[in-house]
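There are 2 protein chains.
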Amino acid sequence: MAKEKKLVEAITSMEEDFAQWYTDVVKKAELTGYTSVKGCMVIKPAGYAIWENIQSELDRRFKETGVENVYLPMFIPESLLQKEKDHVEGFAPEVAWVTHGGLEPLQERMCVRPTSETLFCDLYAKEIQSYRDLPKVFNQWCSVVRWEKTTRPFLRSREFLWQEGHTAHATAEEAEARTVQMLNVYADFCEQILAIPVVKGRKTDKEKFAGAESTYTIESLMHDGKALQSGTSHNFGDGFAKAFGIQFTDRDNKLQYVHQTSWGMTTRMIGAIIMVHGDNSGLVLPPKIAPTQVMVIPIQQKKEGVLDKADEVLNALKAAGLRAKMDDSDKSPGWKFSEQEMRGIPMRIELGPKDIENNQVVLVRRDTREKIVVSIDEAAAKAAELLETIQQAMFDKALAHREAHTYEAYDYESFKQTIEEKPGFVKAPWCGCQECEDKIKEDTSATSRCVPLAGGEVKEGTACVCCGKPATKMVYWGKAY
Amino acid sequence: MAKEKKLVEAITSMEEDFAQWYTDVVKKAELTGYTSVKGCMVIKPAGYAIWENIQSELDRRFKETGVENVYLPMFIPESLLQKEKDHVEGFAPEVAWVTHGGLEPLQERMCVRPTSETLFCDLYAKEIQSYRDLPKVFNQWCSVVRWEKTTRPFLRSREFLWQEGHTAHATAEEAEARTVQMLNVYADFCEQILAIPVVKGRKTDKEKFAGAESTYTIESLMHDGKALQSGTSHNFGDGFAKAFGIQFTDRDNKLQYVHQTSWGMTTRMIGAIIMVHGDNSGLVLPPKIAPTQVMVIPIQQKKEGVLDKADEVLNALKAAGLRAKMDDSDKSPGWKFSEQEMRGIPMRIELGPKDIENNQVVLVRRDTREKIVVSIDEAAAKAAELLETIQQAMFDKALAHREAHTYEAYDYESFKQTIEEKPGFVKAPWCGCQECEDKIKEDTSATSRCVPLAGGEVKEGTACVCCGKPATKMVYWGKAY
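From first to last, the protein sequence lines are chains A and B.
For the first sequence, this note's numbering gives the first residue as 492, with consecutive numbering after it.
For the second sequence, this note's numbering gives the first residue as 492, with consecutive numbering after it.
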């Protein structure tokens, strides 16, 4: 019984220590497991099943916009990584280097891809000759490596899973449109499927991707008031094309450089789900991403007829298209409840001899713990409805939390005070100079999260919150993961 | 028009030069693309879409048997790789070594996984304590690296994609049952979905996996008479468990070692599809794995009503659940036919003004080139039927080819002569000594492919085809990829 005890033992409360709460949830919901490979993680079945759902939802949305999947090598020869100056400066300090193949040293060392812009450019330079070859709208699902010093499961690890889209277009306008299109795909996915509200915006020059002309981002707010960059979409202009010589003959037979984009979303979103929706009983999964949506838990299951009835309910749930399971193990119901809650399964259905007598079951919401008694015959239909309700309620709650933790500041003292005392986003005007960004980071450890696409303008005469010079943009600031 | 010409230009005929034919098909069907990363491949959309279908079919079959997906790190610290003696000897000479992370040398170098037995053992040693933790039936989809000297797309490359299942069980019987179960999953998948007949068998000790107690294999025969190992399933007994200390307390509270298995299938199967089914017009894809099953090609598409009618047919095909596309580009019909054939799309539907007048369309089989005229109203239903027919016909043809190229030999002279003159499998009795295997390989370059599960016994008094001593097993021999 030692094992059972361990699981129902309370986890650290998030109010007491959010970081420890996070670590406890990751471990006790069995999302990750042990590995002796430092800084890397093992994603266990409960965690990987969430990633599979993220993949299938995103992949479907990508393909609807014409994306085609490919697979490129995991290695990048050093000379290839170095072709674009800003890019190599951004990534070279944090890559893993392969120096030997088998028993022999390599003639040229190669890094394990931290991202694959250079490889896609290498491919496109060979494959694109004419405007007829455009656009290229490729994506790959793979793992990448960045040699981080401090790591946390899902949020920052030396290896993580992601998708990286890389496109090439005939015109700057088309590249910009694709950049924004994919940002919107990410935003819709986050809001509709993960129930995580996001702020869409542009990164400042200081925060943009190494080699990009502009970086768009979606930023979400965690329960502790810290921001999480949740997906980025980059417009490279023709910078990489010039570095790699990716040219095509246009309809007028003139040689032109292509315009490129890239965009990515990672396993870090599992961390976002935990930190936006979780509570002191563990994980809370939005129904649309939950690998198991409903857990049927029979009470006094040894009494005649209980398991049969539970099985009927289970089958009705499955027939209604819900992802449902039954826990008929020999653990106690209370232990099963705790486990279902810890694992974040959005709903459980309890039914025992008394319920069966009354032709009823009890639906229990994971998010609010509300219990709803419904007739057995309606169980599946009501469960499906309730899952919709939960999905929406989780989004609404996360949105209300973000709104309640979004502040404004127009002078530096109140800005600093807000950052220090009120975890959340602080909207404040900015002059556009990196000096102010640097100063704010030094003084408060907050960074510019983005210039929002909606509401990024400032009225004439507004002063930069930091230096007091005329502001050009409204910026979301915050401490970030 | 330079590009069009290139595509319809004939490929090397397989009778003339099979290896060059293969290379031509891979390139012209646009399965792989250019990369400057030596020995690695770029899998382009047409190739990757086949892999996605392989993944989804296999993954579904795995999950039906209780498999759960996970993800483990891509790096293996050297000390971990070395824990199982046979395993490290098998793999150490062909791994890629990471020696630097960022700007600093690593304290311990790590290899990029060539396979992940050691990592799974590392995990299982921590996660398995009690019989209640068993079985573990994990699988991961990932890429692995083996530093091959000579490489060919799909068949042998320094990095390839695969799945690797790794299981741990309480008893030897359960491990053996899982090993055979997964072999059967592979065999059924190959035969039912890829239309590739396989011989199920066991590897000899010489040919088994590094560290395995026994290795089961499915072997298929390519069009040129060479064998391709198409999937393997290994029973490790408790060898790895002892090396890694993976123990559990059983129901009687006694400490026991687990019994383990692993099993894998790779992107090499795309090579098998090409070499089993392809012809001198290019790729021929079995309908069940083809990303596009039917290509609708309108004739004289500028004439009024043609595109509308073609669109109707396309929609009817999609509504019938078929993966269908229309080629309404401004290329000539002949060019479109060649392209559809090169890419191996199992069927095309031609319709022009004459057809529409007669309320008919023409179904053209890729495998036999047979043309079948059907009424437009029946197009989708007939196409669906015909795809089933094609799938079965492709399997039957491949099976007939294998049977016609499977020989027997009972004395060494005729054995050597058959291997030399008749590409295919040669069934011949064997004494069980590695010396004979070594001699056969040296004399003929053929290797033992497997001892078949059906028909692996020999009659008493049968002599080893090599040394003449009493034979213990019937073996499939052949030259292999």
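Every residue, glycine too, gets a C-beta built ideally from N, C-alpha and C.
These figures come from a predicted structure and were not determined experimentally.
Cβ separation of residue i and residue j, assumed to be a contact under 8 angstroms, to the nearest whole Å
i: H660 of chain A; j: P626 of chain A; result: 5 angstroms
i: F1052 of chain A; j: C612 of chain A; result: Since the displayed chain A opens at 492 and closes at 972, residue 1052 of chain A lies outside it and no answer follows.
i: R693 of chain A; j: S711 of chain A; result: In fact, because the Cβ distance is near 16 angstroms, the residues do not count as touching under 8 angstroms.
Simplified DSSP assignment, three categories, for residue i
i: H768 of chain B; result: helix
i: F828 of chain B; result: helix
i: C552 of chain B; result: The question names Cys, but residue 552 of chain B in the sequence shown is Arg. Three-state DSSP puts R552 of chain B in a helix.
i: Y972 of chain B; result: coil
i: S905 of chain B; result: helix
i: H896 of chain B; result: coil
i: G592 of chain B; result: strand
i: E495 of chain A; result: Its pLDDT being 44, under 50, E495 of chain A is placed unreliably by the model, and the measurement read from it follows with that caveat. Helix.
i: H725 of chain A; result: strand
i: M601 of chain B; result: strand
i: G538 of chain B; result: helix
i: D577 of chain B; result: helix
i: C957 of chain A; result: coil
i: N806 of chain B; result: helix
i: I567 of chain A; result: strand
i: V671 of chain A; result: helix
i: F916 of chain B; result: strand
i: N544 of chain B; result: helix
i: T514 of chain A; result: helix
i: R623 of chain A; result: helix
i: C681 of chain B; result: helix
i: P844 of chain B; result: helix
i: E869 of chain A; result: helix
i: A587 of chain B; result: strand
i: C941 of chain A; result: strand
i: L522 of chain B; result: coil
i: T740 of chain B; result: strand
i: M838 of chain B; result: strand
Distance, residue j Cα to residue i Cα
i: V603 of chain A; j: N849 of chain B; result: 60 angstroms
i: T695 of chain A; j: V636 of chain A; result: 25 angstroms
i: P457 of chain A; j: Q831 of chain A; result: The structure shown has nothing for residue 457 of chain A, since chain A only spans 492 to 972.
i: G702 of chain B; j: F727 of chain B; result: 7 angstroms
i: K913 of chain A; j: G923 of chain A; result: 24 angstroms
i: P568 of chain A; j: M532 of chain B; result: 14 angstroms
i: K822 of chain A; j: P789 of chain A; result: 11 angstroms
i: I684 of chain B; j: Y615 of chain A; result: 33 angstroms
i: V956 of chain A; j: F916 of chain A; result: 14 angstroms
i: A501 of chain A; j: I765 of chain A; result: 17 angstroms
i: D770 of chain B; j: M565 of chain A; result: 32 angstroms
i: D729 of chain A; j: T740 of chain A; result: 15 angstroms
i: V804 of chain B; j: K873 of chain B; result: 12 angstroms
i: G524 of chain A; j: E618 of chain B; result: 8 angstroms
i: S504 of chain A; j: M885 of chain A; result: 20 angstroms
i: K497 of chain B; j: Q631 of chain A; result: Caution is warranted here: a pLDDT of 47 is assigned to K497 of chain B, below 50, making its placement in the model unreliable, and the coordinate value is therefore given only provisionally. Straight-line Cα distance between these residues: approximately 28 angstroms.
i: T606 of chain B; j: E861 of chain B; result: 45 angstroms
i: L808 of chain B; j: D802 of chain B; result: 10 angstroms
i: A668 of chain A; j: V676 of chain A; result: 12 angstroms
i: E951 of chain A; j: A875 of chain A; result: 51 angstroms
Short CB-CB distance (under 8 angstroms) between residue i and chain E
i: P789 of chain A; result: This model lacks chain E altogether, as its protein chains are A and B.
Can we say the region 641-660 of chain A touches the region 614-629 of chain A, given the rule of at least three CB pairs closer than 8 angstroms? At 8 angstroms Cβ cutoff, the stretches touch.
Pull out every residue of the region 545-579 of chain A whose Cβ sits closer than 8 angstroms to any Cβ of chain B, in chain order. Of all residues in the region 545-579 of chain A, only E559, N560, V561, Y562, L563, P564, M565, F566, I567, P568, L571 place a beta-carbon less than 8 angstroms from a beta-carbon of chain B.
For the region 641-665 of chain A, which residues have a beta carbon sitting closer than 7 angstroms to at least one beta carbon of chain B? Of all residues in the region 641-665 of chain A, only E650, L652 come within less than 7 angstroms of chain B when Cβ atoms are compared, listed by chain position.
Give a yes or no on contact between the region 547-565 of chain B and the region 576-584 of chain B, applying the rule of three or more CB pairs nearer than 8 angstroms. No, because fewer than three Cβ pairs between the region 547-565 of chain B and the region 576-584 of chain B fall closer than 8 angstroms, the two stretches do not touch.
Whether or not the region 505-518 of chain B and the region 947-956 of chain A are in contact is what I'm after, with contact meaning three or more pairs of Cβ atoms, one per stretch, closer than 8 angstroms; do they touch? These segments do not touch.
Evaluate contact between the region 738-755 of chain A and the region 811-825 of chain A, counting only Cβ atoms and requiring at least three cross-stretch pairs below 8 angstroms. Flag = no, the region 738-755 of chain A and the region 811-825 of chain A do not touch.
Would you be able to state if there are at least three C-beta pairs under 8 angstroms between the region 779-799 of chain A and the region 824-839 of chain A? With a cut-off of 8 angstroms, the region 779-799 of chain A and the region 824-839 of chain A count as touching, because enough Cβ pairs lie within range.
Cβ-based contacts, 8 angstroms cut-off: residues of the region 826-850 of chain B near chain A: The region 826-850 of chain B vs chain A, Cβ under 8 angstroms: nothing.
Short of 9 angstroms Cβ to Cβ, which residues in the region 506-525 of chain B face chain A? Contact residues of the region 506-525 of chain B toward chain A are G524, Y525 (C-beta to C-beta distance below 9 angstroms).
Closer than 7 angstroms, Cβ to any Cβ of chain B: which residues of the region 879-899 of chain A, in chain order? Against chain B - using a Cβ distance shorter than 7 angstroms - the region 879-899 of chain A contributes no residues.
Does the pairing of the region 892-900 of chain A with the region 936-945 of chain A give three or more beta-carbon distances under 8 angstroms? Result no; under three Cβ-Cβ pairs closer than 8 angstroms.
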